[in-house]
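Here the structure comes first, spelled out in structure tokens, and everything after it is commentary.
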Amino acid sequence: MIREAATVWAIGSLAMVITVGPAVAAEFATKDEAVTMVKSAVVFIKEQGEAKAYAEFSRKGSKFHDRDLYITVLGLDGRVLAHGQRADFIGKNLIDAKDPDGKLFIKERSDLALHNASFWQKYKFMNPATQKVEAKDMYCERLGETNVCGGVYGS
304 MIREAATVWA
314 IGSLAMVITV
324 GPAVAAEFAT
334 KDEAVTMVKS
344 AVVFIKEQGE
354 AKAYAEFSRK
364 GSKFHDRDLY
374 ITVLGLDGRV
384 LAHGQRADFI
394 GKNLIDAKDP
404 DGKLFIKERS
414 DLALHNASFW
424 QKYKFMNPAT
434 QKVEAKDMYC
444 ERLGETNVCG
454 GVYGS
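Quick note: the sequence shown uses my numbering, first residue 304, plus one each step.
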């Protein structure tokens, strides 16, 4: 009887780890999810037009917001066209913006777009889920004269 109870408890514990484990791991977005969201955003821009798409990307609660993952669109000149986390950035030119380490991350992003159709970029930014400045890997695809991007934190 004790052996059966121990076996049932062990199986139950294993099932709980298997069930709860992925939920804990899913608290933050993954690189694959960032790539998928950016590709979806590019299609959305092409289908719906820039004005509608940019408004949707900037609207909290849209399908382009998932935990700590959101879409940003910047012109190659550094002007913010859409930002899923900071509406106050929209319309501003941030080409000279620096991360906490002094990296000109918007300028770097524009330079990367001149030579790559898609790319990953590393810098630091405020994580909306933790409210802490963290390392961020940003995936971007160039679309015309813009960068459509989404990133993951803590990498």
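Cβ coordinates follow ideal geometry from the N, Cα and C atoms, glycine included.
Quick check: what's the CA-CA separation for residue i versus residue j?
| i | j | result |
| --- | --- | --- |
| LEU372 | ASN419 | 22 Å |
| PRO325 | GLU437 | Any reading at PRO325 is ruled out, since the residue's pLDDT is 39, under 50, leaving its predicted position unreliable. |
| GLU448 | ALA432 | 30 Å |
| MET441 | GLU350 | 24 Å |
| ARG362 | MET340 | 15 Å |
| VAL345 | LEU397 | 22 Å |
| VAL383 | GLU336 | 22 Å |
| PHE360 | GLY457 | 22 Å |
| ALA328 | ASP369 | Annotation note: pLDDT 45 at ALA328 (below 50); position unreliable, coordinate value reported separately. Straight-line Cα distance between these residues: approximately 14 Å. |
| TRP312 | ILE393 | Low local confidence applies: a pLDDT of 36 at TRP312 is under 50, so the model's placement there is unreliable, with the coordinate-based value given in what follows. TRP312 and ILE393: Cα-Cα distance of roughly 54 Å. |
| ASP414 | GLN388 | 23 Å |
| ILE348 | LYS435 | 31 Å |
| GLU444 | LYS395 | 20 Å |
| MET429 | GLY381 | 19 Å |
| ILE409 | LYS342 | 20 Å |
| LEU407 | LEU379 | 14 Å |
| VAL451 | PHE367 | 12 Å |
| LEU446 | VAL338 | 14 Å |
| GLU330 | ILE374 | 18 Å |
Looking at the strands, I want to know which residues DSSP matches up with residue i.
| i | result |
| --- | --- |
| GLY454 | MET441 |
| THR375 | HIS386, CYS452 |
| HIS368 | TYR373 |
| LEU417 | Answer is none; LEU417 lacks a bridge partner. |
| VAL436 | MET429 |
Restricting to Cα atoms, I'd like to know which of the options is closest to residue i.
| i | options | result |
| --- | --- | --- |
| LYS401 | SER421, ASP391, ARG412, LYS334 | ARG412 |
| LEU454 | SER365, VAL376, ASP404 | Per the sequence shown, residue 454 should be read as Gly rather than Leu. Checked all of SER365, VAL376, ASP404; the closest Cα to GLY454 is VAL376. |
| GLY364 | ASP380, LEU379, HIS386 | HIS386 |
| ASP404 | PHE331, SER421, LYS439 | LYS439 |
So with Cβ pairs under 8 Å, would you call residue i a contact of chain D?
| i | result |
| --- | --- |
| ALA354 | Among the chains of the structure shown, chain D does not appear; only one protein chain is present. |
Should residue i be labelled buried (16 or more other beta-carbon atoms within 10 Å of its own) or exposed?
| i | result |
| --- | --- |
| ALA358 | exposed |
| ALA416 | buried |
| ALA390 | exposed |
Open item on the list: So, does the segment 424 to 437 touch the segment 344 to 362, judging by three or more C-beta pairs under 8 Å?
Closed with: no
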